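In my numbering, the protein residues as written are 743 to 913.
Each remark here refers to the structure printed beneath this line.
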Amino acid sequence: MDTISDRHHRCLFGWVHVSTTIRLILAYFVVFNVGLGLLGLPWFSIYIGLFGLLLCFFTCFHVYKKNDRMMFPFYLYVLFTIFYLLFLGGYFFFVNIFHKEMVKEALGDHSDSISFIWHFADIVLIMVHAWALSVVSKCRKYFRWVAEGGQKVELPTTSSAPRHESKPDIF
Numbered sequence: 743m744d745t746i747s748d749r750h751h752r753c754l755f756g757w758v759h760v761s762t763t764i765r766l767i768l769a770y771f772v773v774f775n776v777g778l779g780l781l782g783l784p785w786f787s788i789y790i791g792l793f794g795l796l797l798c799f800f801t802c803f804h805v806y807k808k809n810d811r812m813m814f815p816f817y818l819y820v821l822f823t824i825f826y827l828l829f830l831g832g833y834f835f836f837v838n839i840f841h842k843e844m845v846k847e848a849l850g851d852h853s854d855s856i857s858f859i860w861h862f863a864d865i866v867l868i869m870v871h872a873w874a875l876s877v878v879s880k881c882r883k884y885f886r887w888v889a890e891g892g893q894k895v896e897l898p899t900t901s902s903a904p905r906h907e908s909k910p911d912i913f
């Protein structure tokens, strides 16, 4: 566990270090991908879930090694899941608007409330994945910082160029 107190490498209002949070996010994505494969969503969701599981295990190894370059595929996967959840929300919305009878047959009398719960859960998942995307980006920056030796880059306040003696201005 890292104990760096620098606020640039913390998230959740500065309470938790980014390397701890990325481990929690990886655990969440393992559960998310298993759930994605088990839900009755379109058939390609199973393949997205399996690919996501493999990518999570691949990323776990590189989080352990603190390799920032190999976390980029996970970053792209999180971005992809945001677009996938937007697609699913649009699909559910389209079906609820234009095929109301079919939805009522499938979900019964409480189809409106169940549909609202699905849409609300989709919006919450999109927000969680957007936050996870920012944490993955911050973790990549932290790993890059560690790879560079953990030195903060500060710009010098004075110039290191040789100074030229100037003549006083005469009007």
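All C-beta atoms in this analysis are idealised placements derived from N, C-alpha and C, irrespective of residue type, glycine included.
Fair warning: this is a prediction, and the values are worked out from it, not measured in the lab.
With distances taken from CA atoms, which of 770, 825 and 837 is nearest residue 860?
Among 770, 825 and 837, the Cα nearest to that of residue 860 is on 837.
With C-beta atoms as the reference, is residue 776 less than 9 Å away from residue 795?
A contact, by the Cβ cut-off of 9 Å.
Exposed or buried, residue 791, counting other C-beta atoms within 10 Å across all chains shown (16 or more means buried)?
By the 10 Å Cβ count, residue 791 comes out buried.
I believe residue 885 touches residue 810 by the beta-carbon criterion, under 8 Å. Please report the beta-carbon distance rounded to the nearest angstrom.
About 4 Å; that satisfies the 8 Å criterion.
Looking at residue 806 and residue 878, is the spacing between their C-beta atoms short of 9 Å?
No. Outside cutoff.
On the DSSP bridge list, what partners appear for residue 753?
Note: residue 753 sits in a beta bridge opposite 758.
For residue 780, I'd like the list of residues in its chain whose CB is within less than 7 Å of its CB, leaving aside the five on either flank, ordered along the chain.
Counting only Cβ-Cβ distances below 7 Å, and skipping sequence neighbours, we find nothing.
Smallest Cα separation from residue 864: which of 826, 787 and 822?
Comparing Cα-Cα distances from residue 864 to each of 826, 787 and 822, the minimum goes to 826.
Within 10 angstroms of the Cβ of residue 764, are there 16 or more other Cβ atoms? Answer buried if so, exposed if not.
Its Cβ being crowded by 16 or more others within 10 Å, residue 764 is buried.
Below 8 Å CB to CB, which residues in the same chain sit around residue 849 once its five sequence neighbours on both sides are set aside?
856 and 857, listed in sequence order.
Residues in its own chain within less than 7 Å of residue 888 by CB, not counting five upstream and five downstream?
Cβ within range, chain order: 808.
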